[in-house]
Amino acid sequence: MATSSDEMTKLSWRRFEDGDNVWDNLTEQIFVQDTSHKCPTYVHKTPPCQGSCPSGEDIRGWLQIVRGLEKPPEGMTWQEYAFRRSTDANPFPSMMGRVCPAPCQDGCNRNEVEDFVGINAVEQFIGDNATAQGYRFEPAPFSTGKRIAIIGGGPAGLAAAYQLRRKGHAATVFEANSELGGMFRYGIPGYRVPRDALDAEINRILDMGDIELKMSTKVGVDVTVEQLEQDYDAILWAIGCQSGRGLPVPGWEGTPNCVSGVAFLKAFNEGRMKVTAEKVVCVGGGDTSIDVVSVARRLGHITKSGKSDLPETVIHDGYVAHDTAMTAAAEGAEVTLTSLFTREKMTAAEHEVHDALHEGVTILDGVMPTEVIKNDEGRAIGLKVADCEMKDGRPTPVEGTERVLDADLVVAAIGQGGELSGLEDLDNGRGLMNSDKFYQVPDKPGHFVAGDIIRPHLLTTAIGQAWIAVESIDEYVNKAEHKRRPKVDVHHFDLLAKLNEAKLAPETFDVNESGDLRGTSDAKYAIHNYEDRSGAEVIPHDELYLGHFPYTPRVLRKEEVPSSEEVLGHFKERVIGYSEEDAVNEAKRCMSCGMCFECDNCVIFCPQDAVFRVNKAESTTGRYVDTDYDKCIGCHICADVCPTGYIKMGLGE
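For the sequence shown, the UniProt record's numbering gives the first residue as 1, with consecutive numbering after it.
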């Protein structure tokens with residue numbers, strides 16, 4: 001592995017460590033293998049990027065399309081093909097390419113060479129290009145006559161509407177707010193999620209048709225659950241978590257200028273809050289807290305204001321709006337973020353923390369709040385904090401380290417809960433809803449659930465849960481038993497589907513004509529020499545031949561991050577998307593873990609010429625090479641030099 005930019009070519013990866021070899025003489029090893037019963041077989045496994053994607057996207061698949069390796073069907077551009085492969089799992093590539101913290105990149109095997117593949121940057125290109133080109137989703141193939149009630153128009157609810165329409169079911173979305181988008185719209189600032197891009201991806205779903213909207217409608221208040229049960233074939237609860245948790249310290253309860261991060265961001269994103277306080281202290285450490293402090297730095301404060309203009313009044317009352325004249329008079333705010341955990345253990349994305357520091361936010365890590373300090377009027381004027389240490393797994397203040405941080409506004413971004421008024425029967429006692437592995441509500445036939453209301457997590461998690469919930473809803477309305485979910489429950493590459501798409505489908509099997517039920521390598525009615533383990537196994541880096549890959553620096557996506565002097569009033573989008581050339585070059589860094597990427601190593605290094613390229617007219621993704629078992633002696637060289645780990649020595653065992 002390269003250790004610095006000055007040693008880019010000094011890779012030290014080795015296939016075998018000292019002492020791992022059995023034979024001193026490689027020639028001797030090869031020529032005794034003619035007695036081996038093992039021959040190469042092609043084993044498809046799931047790459048770790050895909051295995052760690054909560055949406056379950058076929059990441060390797062659409063990267064292969066972008067790089068030009070997997071060819072689109074006739075009459076379709078690679079750009080559209082990549083879009084359709086990507087959105088099989090997630091209808092929001094433009095959004096998720098911007099805001100997803102990308103657990104896929106943490107698991108990327110390319111980290112063992114030099115650096116991960118910029119997966120979310122390529123995904124953003126796919127999404128932005130789709131909007132620019134006006135790509136639409138395919139209309140529903142048929143109508144089942146079933147209509148599903150979706151409670152919540154956020155990422156989970158909209159993803160569910162999309163997946164339901166693909167199965168022919170109609171949907172009615174009940175949304176408590178006046179606009180769709182949920183956390184996309186109300187929880188993330190517009191400079192991270194441009195509203196025109198968000199609206200384009202939402203409208204693409206609605207354009208599929210037969211998705212009815214009931215806006216500003218709160219189920220449990222405006223509509224009863226019993227009415228939904230009568231009117232719809234199933235109900236999906238995707239209401240998210242709209243209430244923020246307060247700080248569990250003395251002085252928090254009832255203090256007007258102590259607010260939750262959820263309420264703070266909603267007031268900003270609705271356009272009601274134009275300025276904030278002079279001294280803002282936010283307690284958190286996750287992505288929500290980073291958004292809070294970044295927004296506070298951009299808004300600034302005004303020196304003179306009436307009581308009705310105070311930020312907490314705007315946040316709590318929900319209708320008071322700051323005017324533009326007030327915004328023009330804004331000055332920079334002093335903003336501090338405190339985190340229970342040290343910086344390296346904060347859950348916020350590392351680059352988001354870096355950007356916040358660059359924008360002038362002060363970050364105090366490893367500290368915990370102990371008390372809200374109030375004045376005689378009952379308003380917070382400071383937050384007492386202390387250094388934190390863990391005792392028996394619980395955060396404990398260190399004696400003698402207490403100090404007070406001056407504050408005009410204290411924001412708690414330490415978690416969220418559901419708003420279940422009118423839905424008390426569904427409350428599991430923690431302000432959330434219970435779910436089984438099929439995303440059904442236990443003991444509530446016809447009720448399903450997805451997203452943060454199960455457990456607050458990532459947007460990509462909500463989208464992935466919606467997909468599985470829709471699979472379960474489809475089985476429920478069709479009175480079918482739930483299929484067993486695979487161990488690696490994601491969208492997998494399907495070789496048979498690819499062969500059909502490429503017009504290379506196997507011939508129909510006829511036992512009378514074929515005779516031998518065991519099959520042979522020449523039989524055209526079966527795909528021989530191939531095993532699909534993708535539903536059960538994720539391929540680790542130690543099954544790859546990493547020595548094949550040269551040091552190739554990541555194509556960094558450009559960002560426009562304002563300095564502390566420039567941040568006031570800076571609401572332009574920070575992320576600058578890839579050009580097409582950048583997207584293709586970055587996709588080429590993908591190592592295609594668990595799938596052949598046509599490097600020819602096995603063909604070149606086979607001493608018996610047993611491995612050969614499949615005829616071009618019969619070649620497609622996953623079927624680029626084949627083996628002549630009359631020539632193969634089981635020497636295993638092809639498996640050793642396969643960069644992607646696609647070849648295993650196991651045939652015959």
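All C-beta atoms in this analysis are idealised placements derived from N, C-alpha and C, irrespective of residue type, glycine included.
Source: prediction; values computed, not measured.
Next on the checklist: Quick check on residue 298: buried or exposed, where buried means 16 or more other Cβ atoms within 10 Å of its Cβ?
Outcome noted: In summary, residue 298 is buried, with 16 or more beta-carbon neighbours lying within 10 Å of its beta-carbon over all protein chains present.
Next on the checklist: From the DSSP secondary-structure annotation, give me the bridge partner or partners of residue 235.
Outcome noted: For residue 235, DSSP records a beta bridge to 149 and 447.
Item to check | Secondary structure, alpha helix (DSSP H): runs of 4+ residues fully inside the segment 459-497 | outcome: Entirely contained in the segment 459-497, the alpha helix (DSSP H) runs reaching 4 residues are, in chain order, 459-477.
Checklist entry - Would residue 180 be called buried (16 or more neighbouring beta carbons within 10 Å of its own) or exposed? => result Around the beta carbon of residue 180, 16 or more other beta carbons sit within 10 angstroms, so the residue counts as buried.
Checklist entry - At what residues does the alpha helix (DSSP H) containing residue 107 begin and finish? => result For residue 107, the enclosing alpha helix (DSSP H) starts and ends at 103-107.
Next on the checklist: Please report the distance separating the alpha-carbon of residue 644 from that of residue 294.
Outcome noted: Their backbone Cα atoms lie some 41 Å apart in a straight line.
Item to check | the segment 483-493 in contact with the segment 170-186 per 3-pair CB rule at 8 Å | outcome: Judged by pairs of C-beta atoms under 8 Å, the segment 483-493 does not touch the segment 170-186, as fewer than three such pairs exist.
Checklist entry - Can you name the residues that DSSP bridges to residue 212? => result For residue 212, which the question treats as bridged, DSSP gives the partners 172.
Item to check | CB of residue 110 within 8 Å of CB of residue 589, strictly | outcome: Their beta carbons are under 8 Å apart, which means residue 110 touches residue 589 by this criterion.
Item to check | Cβ shell of residue 491 (< 7 Å), same chain only, five flanking positions each side left out | outcome: Hits under 7 Å: 56, 57, 58, 88 and 89.
Item to check | Three or more C-beta pairs below 8 Å linking the segment 582-601 and the segment 543-555 | outcome: These segments touch.
Checklist entry - What did DSSP end up calling residue 584 once you bin it into helix, strand or coil? => result Note: residue 584 maps to helix in three-state DSSP.
Item to check | Beta-carbon spacing of residue 143, residue 107 below 8 Å | outcome: Using a Cβ distance threshold of 8 Å, residue 143 and residue 107 do not count as a contacting pair.
Item to check | Residues near residue 569 in its chain [Cβ-Cβ closer than 6 Å; skip 5 each side] | outcome: When the five nearest sequence neighbours on each side are left out, no beta carbon in the same chain lies closer than 6 Å to the beta carbon of residue 569.
Item to check | Cα-Cα separation, residue 266 to residue 71 | outcome: Between the C-alpha atoms of residue 266 and residue 71 there is a straight-line separation of about 44 Å.
Next on the checklist: Assuming residue 238 and residue 450 are in contact, meaning their beta carbons sit under 8 Å apart, how far apart are those beta carbons, in whole angstroms?
Outcome noted: Contact between residue 238 and residue 450 is confirmed by a C-beta separation of about 5 Å, below the 8 Å threshold.
Next on the checklist: What would DSSP say about residue 504, mapped onto helix, strand or coil?
Outcome noted: Looking at residue 504 - three-state DSSP - the assignment turns out to be coil, as it is neither helix nor strand.
Checklist entry - Cα separation between residue 504 and residue 242? => result In a straight line, the C-alpha of residue 504 is about 50 Å away from that of residue 242.
Checklist entry - Cβ atoms of residue 287 and residue 349: under 8 Å apart, would you say? => result Against a cut-off of 8 Å, the Cβ pair of residue 287 and residue 349 comes out as a contact.
Item to check | Start-end ranges of the beta strand (DSSP E) lying completely within the segment 358-441, minimum 3 residues | outcome: Here the runs fully enclosed are 362-365, 367-374, 380-391, 394-397, 403-406 and 409-412.
Checklist entry - Does the pairing of the segment 209-225 with the segment 247-257 give three or more beta-carbon distances under 8 Å? => result By the Cβ test, the segment 209-225 is not in contact with the segment 247-257, since fewer than three Cβ pairs between them sit closer than 8 Å.
Checklist entry - For residue 541, which residues of its own chain have a beta-carbon under 6 Å away from its beta-carbon, when the five flanking residues on both sides are left out? => result Contacts found: 109 and 112.
Next on the checklist: Taking 8 Å as the cut-off, does the segment 214-221 touch the segment 161-176 (at least 3 CB pairs, one atom from each stretch)?
Outcome noted: Yes, they touch.
Next on the checklist: Give the list of continuous alpha helix (DSSP H) stretches no shorter than 4 residues that lie fully inside the UniProt domain "4Fe-4S ferredoxin-type" (623-652).
Outcome noted: 637-640, all fully within the UniProt domain "4Fe-4S ferredoxin-type" (623-652).
Next on the checklist: Which residues does DSSP list as the beta-bridge partners of residue 658?
Outcome noted: One cannot answer for residue 658 here, as it falls past the ends of the chain, which runs 1 to 653.
Next on the checklist: Mapping the DSSP letters down to three states, classify residue 5 as helix, strand or coil.
Outcome noted: At residue 5, the pLDDT of 46 sits below 50, so the modelled position is not reliable; the number obtained from the coordinates is stated separately. Residue state, collapsed to three classes: helix.
Next on the checklist: Using DSSP's beta-bridge definition, name the partner residues of residue 533.
Outcome noted: Partner(s): none; residue 533 has no beta bridge.
Checklist entry - Distance, Cα to Cα, residue 423 vs residue 169? => result Looking at the two C-alpha atoms, the distance is approximately 26 Å.
Next on the checklist: For residue 316, which residues in the same chain have their Cβ closer than 8 Å to its Cβ, ignoring the five residues on either side in sequence?
Outcome noted: 256, 259 and 263, listed in sequence order.
Next on the checklist: Looking at the strands, I want to know which residues DSSP matches up with residue 264.
Outcome noted: Answer by DSSP bridge pairing: none, since residue 264 is not bridged.
Next on the checklist: Assuming residue 81 is part of the alpha helix (DSSP H), what are its boundary residues?
Outcome noted: 78-86 is the extent of the alpha helix (DSSP H) around residue 81.
Item to check | Other residues of its chain near residue 475: CB distance less than 6 Å, five sequence neighbours each side excluded | outcome: Shown here for residue 475: same chain residues with a beta carbon closer than 6 Å to its own, the five before and five after excluded, namely 482 in chain order.
Item to check | Residue environment, residue 525, which counts as buried when at least 16 other CB atoms sit within 10 Å | outcome: With a 10 Å radius around the Cβ and a threshold of 16 neighbouring Cβ atoms, residue 525 comes out exposed.
Next on the checklist: Rounded to the nearest angstrom, what separates residue 547 and residue 178 at their Cα positions?
Outcome noted: About 55 Å.
Next on the checklist: Rounded to the nearest angstrom, what separates residue 1 and residue 544 at their Cα positions?
Outcome noted: Because the pLDDT of residue 1 is 41, which lies under 50, any placement of that residue in the model is unreliable, and the question is left without a value.
Checklist entry - Around the Cβ of residue 614, are there at least 16 other Cβ atoms within 10 angstroms (buried) or fewer (exposed)? => result Classification for residue 614: exposed.
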